[in-house]
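Accompanying notes for the structure given below.
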Amino acid sequence: MIAEKPINFLLVDDLEENLLALEALLQRDGLTCLKARSGEEALELLLTHEVALALLDVQMPGMDGFELAEFMRGSERARHIPIIFLTAGAANLQRRFRGYEAGAVDFIQKPIEPNVLRSKAAVFFDLHQQRQQIERQRDELDAAAQALRRADRHKDNFLAVLAHELRNPVAALGGGLHLLNKDIPPERARDIRVRMDRMLSHLSHLVDDLLDVSRVSQGKISLKKERIELGDALRSAIEASQHNIDAGSHRFDADLPDEAIWLDADHTRVAQIVANLLNNAAKYTPPGGEITLTARRLDAEVEIRVTDTGVGIPPAMQSRIFEIFAQVEDHLTKAQGGLGIGLALVKQLVALHRGTIEVESAGEHLGSTFIVRLPTID
Ligand code: ADP
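Each residue of the sequence shown is one higher than the last, beginning at 317 in my numbering.
Spelled out as structure tokens, the structure:
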């Protein structure tokens, strides 16, 4: 909830004692009184303040109340401000004031009846407050509509990319099956099976990630948290990504602590987080690169770092790559059918473990480091 803005009201009277008396009469919490001793002073205040109501003494030396009101009606900023004229006698009412159509106008005769003035002013203050509230709600609705439009565009884009990504492996699997049904030499058949196997595992990864993302965003992923040893989870992660690291002919180095580090965590999910980062490191590093995995204990948490010597991430994208579907445009040839959901999932899984993830990269072709911090237990 946004705090209510204070409401300003303007008092214009050439007599100081009248200003003080009116202020005392109307002042209450949430209201700010702006006082002007002349029409000119009032116009100056109106240039810099938003005002809910103006109380104008009609009879003032120099610019009188009606003249001031006409100036106000002529100004874009002040023309809709409701005005209450304070008049000394009925004679003043005879004078025609042009400008009724632009905003509310009322007259109060002196001597002022405090209750009458208070209740009339209260109506205008309430109206002003309601208008502010409506404006706030309109802004909130605008922002929500914009976010929905963005999400809708993301979804359309995603469906198009997904269809494209599914079509390739499905076509390859179909082609492979077709060939296997023919009479082909066993060696060729073995190659085809290996390729089909790879396609199938790519497809099932894609589908698993998609299911995970939708489960996480619906709050349906429940971690099987238990007392686990970090080293075990890291070894599972290495095992799961070794194939990709080898396929890129990368040098891999793991620097894990000798002591056991215990976490209250889901072994499979922690392994999934790190495997995902290692797979990305392998994917976004040109062949023959270097990938390292390190873990070290810091007070009540463990810091896991996955570093590569790959294509790096431009500074402008570093805060965005954890958003779902976010991909660095120049990397698309290296994404190998990725959909930009891996890091979003990783971030959500890290958060479910009450941890944090960040990325560091000095820029293009300068490698990247992903840093995950997870709370430890004794
Ligand atoms: P993708 O399926 O595209 O790999 P991710 O969510 O895993 O999706 O990653 C999002 C984007 O972040 C990638 O498309 C890539 O541009 C960038 N990225 C992720 N990891 C790395 C890395 N180790 N080096 C360089 N860029 C990376």
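Each residue gets a CB set at the ideal place from its N, CA and C atoms; glycine is no exception.
Keep in mind it's a predicted model, so treat the numbers as computed, not measured.
Considering only Ala576, Asp562, Trp578, the residue with the shortest C-alpha distance to Leu594 is Asp562.
Annotated three-state conformation of Lys471 is helix, per DSSP. Within 7 Å of the C-beta of Ser684 there is at least one heavy atom belonging to the ligand ADP. For Asp548, no pairing in a beta bridge is given by DSSP. With fewer than 16 neighbouring CB atoms inside 10 Å of its own CB, Thr649 falls in the exposed class. Per DSSP, Gln343 lies in no beta strand (DSSP E) and is assigned neither H nor E.
With 16 or more other CB atoms across the displayed protein chains lying within 10 angstroms of its CB, Pro485 is buried. At least one heavy atom of the ligand ADP lies less than 7 Å from the C-beta of Ile637. Contact between Phe440 and Ala394 is absent: CB atoms are separated by about 14 Å, not below the 8 Å threshold. Considering only Thr601, Ile537, Gln375, Ile323, the residue with the shortest C-alpha distance to Arg344 is Ile323. Each residue's CA atom was taken as its position, placing Ala437 and Ser635 some 50 Å apart.
Taking 7 Å as the cut-off, the C-beta of Asp624 counts as close to a heavy atom of the ligand ADP. Exposure of Lys321 is indicated by the presence of fewer than 16 other C-beta atoms within 10 angstroms of its C-beta. In this structure the stretch 651-669 does not touch the stretch 620-628; the number of beta carbon pairs closer than 8 Å is below three. With respect to the 8 Å criterion, Gly492 and Arg511 are classified as neighbours on the basis of their beta carbons. One alpha carbon belongs to Leu371, the other to Glu392, and they sit about 19 Å apart. Cα atoms of Pro501 and Arg585: separation of roughly 42 Å, rounded to the nearest angstrom.
Among the bridge pairs identified by DSSP, Lys351 is matched with Leu327.
Looking at the backbone, the Cα of Gly355 and that of Ala459 are separated by about 40 Å. Checking the 7 Å criterion, the Cβ of Gln462 is out of range of every heavy atom belonging to the ligand ADP.
If you ignore the 5 residues before and after Ser552, its C-beta comes within less than 6 Å of the C-beta of Ala587, all in its own chain and listed in chain order. Per DSSP, Glu645 is not a residue of any beta strand (DSSP E), being assigned neither H nor E. Annotation: the stretch 603-630 contains the following complete segments of the beta strand (DSSP E) (minimum length 3 residues), in chain order: 606-614, 617-624.
Taking Gly658 as the centre and dropping the five residues before and after it, the same chain places the C-beta of Asn592 closer than 6 Å to its C-beta, in chain order. Within the stretch 651-680, the complete alpha helix (DSSP H) segments of 4 residues or longer fall at 658-668, listed in chain order. Following the DSSP letters along the chain, one finds Ile589 inside the alpha helix (DSSP H) bounded by residues 583-599. Put simply, of Arg504, Tyr600, Glu481 the residue whose alpha carbon is nearest the alpha carbon of His521 is Glu481. About 6 Å separates the CB atoms of Thr601 and Gly564; that is less than 8 Å, so the two are in contact. Taking 3 residues as the shortest admissible run, the stretch 359-397 contains the following complete beta strand (DSSP E) segments, listed from N- to C-terminal end: 369-373. Per DSSP, reduced to three states, the secondary structure at Asp499 is coil, with no helix or strand assignment. In terms of Cβ geometry, Val618 and Leu690 form a close pair [threshold 8 Å]. In this structure His566 is buried. Its beta-carbon is surrounded by 16 or more other beta-carbon atoms within 10 angstroms.
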